[in-house]
Ligand SMILES: Nc1ncnc2c1ncn2[C@@H]1O[C@H](COP(=O)(O)OP(=O)(O)OP(=O)(O)O)[C@@H](O)[C@H]1O
Ligand SMILES: [Mg+2]
């Protein structure tokens, strides 16, 4: 059990700074997810925590101890690799027992620990097999087991599910969540899949270009993204963005583009006025867009009119790709009504759930300024 | 996959493609083998005339102390050169697989003996080994060690030849092993490091098992090469040398019988003996490999 503190951690290869001023406190027993696009430095950061990569600058503390120069085996951590890295010449049992043997544990004790891990991970019947005789999911579990037997205070997982097919990935995701609840150990989990991040993380760190964009609970990131990058990265399907102009009309603030016209709600309007930007990026999630024909209320403002281009049936919901002039809007509709490409449709936005970003740097103009629920 | 539904034309094409190699093996390997086998049951009458004599040559072989001494010499050379040579190759390969400065240069240096002509190599070593004017003895004399008769002392000559043999084989084996080492994914070492393995344990539990198929190949080919040792003996030990008896190998004896004594039939019998020994040793290695070679 330990908290992990990264204090102004940096990593450079030569002149290139890969990880920049990474500052993060991971709490004891927390499930922390690093998420971000490929090449943003997630693995590098994790490998620095593991001790597989030198830290160029800053301090790394595990359980209050500075471990920058402590070797991996003495950091009280275990790591699950993306390709599992199971020793091909050892059986499942030997793979799991290896670290314990190196620690000179008694044979009985090793048997006990491996047996226990095997039971938790349902590997008991596979202990005598070699890795090549296992399915992808089983290998993944052995890789987990190998980390598990050591009972480390921090678990590091680098895209542990990315080699599995979609269905298995979902079930292993649940297993990992269950495992975390059972073990009550600090876990740091790297993924580029935002769904994994959202479903697993107590908190999520969104990274881009070696910089932490935002750190928060899944809901915080979803509802209050700090910038356009986080807004676009978290949430599936991703948020719609439009370049809009802000216009005053009789004390009301409107955001408009060629094909879209929205009245900005009072609270947001005040904030945007104070920000003083003329042109902004307007953001709205597909879930906050509705079909005017399906709403009962009389008093509705049509935000955009367009033609359905693509209909994606997902079961519980239907995704519509609606062409409105130059914009392509993705909207999520409850299933029930059937749509066809070519249908004309009027869209209504739940403007309370709008986002606004500064054009110049993508920073959210509303973040931290909306009082109460937003 | 192309051949799953292959018509006659495809098969003809396939045969045409492998034909050169097959023909080469047949003419250069298989035919001489059967020819030698046949010769070993005959007596040479000169002028290319051979008389069938059954097992006579083999009976003579059994009773010939020179043959048995050559068997002992050959096995001694093989065991020494393989054990020392493969061990050194592995050590050098592992060291040169590390990120060290000038490793490209070192790799080239270690490989040079492989591309040098054996005759030239033998000549240089003869000079190095020269008891009176050789560099080695000169260097030893600086430490007050008296002249060693590297090539003429019957107890030293074998060791001297082993040294040259090892020196020439390390480069070749090193290149093979280096290729094998570079095939080992880095994550295995990282996993081992997380598991708490030090350098020695990483070598024993990751490097060695994962390089074992290459190592096995290196051992088998080195053993076969060792059993066929000839050129260094031929070029460094003169027939009059007192150390000849304790160094001459089976192939050298074959050469002596066939070409110096002109008894090609007896020479052929010696070759057949070598063939049997090679087959037995290789079969044993194939059997033993299950215990230590791991295939992915
Ligand atoms: N040894 C190295 N030398 C130079 N640059 C490196 C080295 N290792 C990684 N990088 C660079 O560091 C950056 C971050 O790599 P990293 O592996 O941390 O990305 P990642 O976020 O894990 O991406 P992915 O999702 O693709 O795994 C990449 O741009 C990569 O090219
Ligand atoms: Mg990565």
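Chains as they are written, first to last, in our numbering: chain C, 6 to 379; chain S, 42 to 337.
Here a beta-carbon is modelled for each residue, glycine too, at the ideal position from N, C-alpha and C.
The model shown is predicted, which means the values in this text are computed figures rather than measured ones.
For this session: For the stretch 76-96 of chain C, enumerate the residues whose C-beta is nearer than 7 Å to any C-beta of chain S, in chain order.
Result: 77, 78, 83, 84, 86, 88, 90, 92, 93 and 94
For this session: Starting from residue 137(C), find everything on chain S with Cβ-Cβ shorter than 8 Å and list it in chain order.
Result: 337
Exercise. Going by other Cβ atoms of all chains shown within 10 Å of its Cβ, with 16 needed for buried, is residue 163(C) buried or exposed?
Worked result: buried
Exercise. Mind pulling the chain C residues with CB within less than 8 Å of residue 229(S)?
Worked result: 90 and 92
Exercise. Who does residue 329(C) pair with in a DSSP beta bridge?
Worked result: 332(C)
For this session: Could you say which of 315(C), 110(C), 61(C) and 227(C) lies nearest to residue 155(C) if we only look at CA atoms?
Result: 110(C)
Exercise. Out of curiosity, what's the CA-to-CA distance linking residue 79(C) and residue 109(S)?
Worked result: 59 Å
Exercise. Among all residues, which have a Cβ less than 5 Å from at least one non-hydrogen atom of ligand 1, and in what chain order do they fall?
Worked result: 18(C), 23(C), 43(C), 44(C), 45(C), 46(C), 47(C), 48(C), 49(C) and 197(C)
For this session: Scan the stretch 231-258 of chain S for residues whose Cβ lies nearer than 9 Å to a Cβ of chain C and list them as they occur along the chain.
Result: 231, 232, 233, 234, 235, 236, 237, 238, 239, 242, 246, 247, 250, 251 and 253
For this session: Compare the Cα-Cα distances from residue 92(S) to each of 101(S), 102(S), 104(S) and 79(S) and report the closest residue.
Result: Closest option to residue 92(S), Cα to Cα, is 79(S).
Exercise. Is the CB of residue 160(C) under 7 Å away from at least one CB in chain S?
Worked result: No, residue 160(C) lies away from the interface with chain S (no Cβ there is under 7 Å from its Cβ).
Problem set entry | Rounded Cβ spacing between residue 11(S) and residue 293(S) (contact assumed at less than 8 Å) | Within the shown structure, residues of chain S are numbered from 42 to 337, placing residue 11(S) beyond reach of any answer.
For this session: Give a yes or no on whether the minimum CB-CB distance between residue 205(C) and chain S is below 7 Å.
Result: no
Exercise. How many Å lie between residue 44(C) and residue 188(C) at the Cα?
Worked result: 31 Å
For this session: Could you tell me whether the Cβ of residue 2(C) comes closer than 7 Å to any Cβ of chain S?
Result: The structure shown has nothing for residue 2(C), since chain C only spans 6 to 379.
Problem set entry | Three or more C-beta pairs below 8 Å linking the stretch 112-122 of chain C and the stretch 43-60 of chain C | With contact defined as three or more Cβ pairs closer than 8 Å, the stretch 112-122 of chain C and the stretch 43-60 of chain C are not in contact.
Problem set entry | Per-residue burial, residue 201(C) [other beta carbons within 10 Å of its own, 16 or more giving buried] | buried
Exercise. Residue 7(C) touches chain S at which residues, Cβ-Cβ below 8 Å?
Worked result: Per Cβ cutoff of 8 Å: no residues; residue 7(C) is ~16 Å from chain S at best.
Exercise. Listed from N- to C-terminal order along the chain, which residues in the stretch 96-119 of chain C have their beta-carbon within a distance smaller than 7 Å of any beta-carbon of chain S?
Worked result: 103, 104, 107 and 108
Problem set entry | Proximal chain S residues relative to residue 236(C), where beta-carbon distance stays under 8 Å | The contacting residues do not exist; residue 236(C) stays about 35 Å from chain S at best.
Exercise. Between 325(S), 315(S), 329(S) and 267(S), which lies nearest to residue 74(S) when the distance is taken from Cα to Cα?
Worked result: 315(S)
Problem set entry | Beta-ladder partner(s) of residue 83(S), from DSSP | 93(S)
Exercise. Counting only beta-carbon atoms, is residue 128(C) nearer than 7 Å to chain S?
Worked result: no
Exercise. Residue 325(C) CB to nearest chain S CB: under 7 Å?
Worked result: Answer no: the Cβ-Cβ gap between residue 325(C) and chain S never drops below 7 Å.
Exercise. Does the beta carbon of residue 166(C) come closer than 7 Å to any beta carbon on chain S?
Worked result: no
Exercise. If you draw a straight line from the C-alpha of residue 318(S) to the C-alpha of residue 264(S), how long is it?
Worked result: When rounded, the distance between both Cα atoms is 11 Å.
For this session: Excluding the 5 residues preceding and the 5 following residue 379(C) in the sequence, name in chain order all residues of the same chain whose CB lies nearer than 6 Å to its CB.
Result: With a pLDDT of 40 at residue 379(C), under the threshold of 50, the predicted position of this residue should be treated as unreliable, and no value is reported.
For this session: Using three-state DSSP, classify residue 108(C) as helix, strand or coil.
Result: coil
Problem set entry | Straight-line Cα distance separating residue 354(C) from residue 309(C) | The C-alpha of residue 354(C) is placed about 9 Å away from the C-alpha of residue 309(C).
For this session: Give the secondary structure of residue 141(S) by DSSP, where H, G and I count as helix, E and B as strand, and everything else as coil.
Result: coil
Exercise. Between which two residues does the alpha helix (DSSP H) carrying residue 251(C) extend?
Worked result: Premise fails: residue 251(C) lies in the beta strand (DSSP E), 245-254, not in any alpha helix (DSSP H).
For this session: Look at the alpha carbon of residue 273(C) and the alpha carbon of residue 259(C), and state the distance between them as a whole number of angstroms.
Result: So the two alpha carbons sit approximately 11 Å from each other.
Problem set entry | Spatial distance of residue 215(S) from residue 155(S) (CA atoms) | 11 Å
Problem set entry | Runs of beta strand (DSSP E) wholly within the stretch 140-183 of chain C (minimum 3 residues, chain order) | 159-163
Problem set entry | Neighbour flag for residue 57(C) against chain S, beta carbons, 7 Å | yes
For this session: Quick one: using the 10 Å Cβ neighbour count with 16 as the cut-off for buried, is residue 103(S) buried or exposed?
Result: exposed
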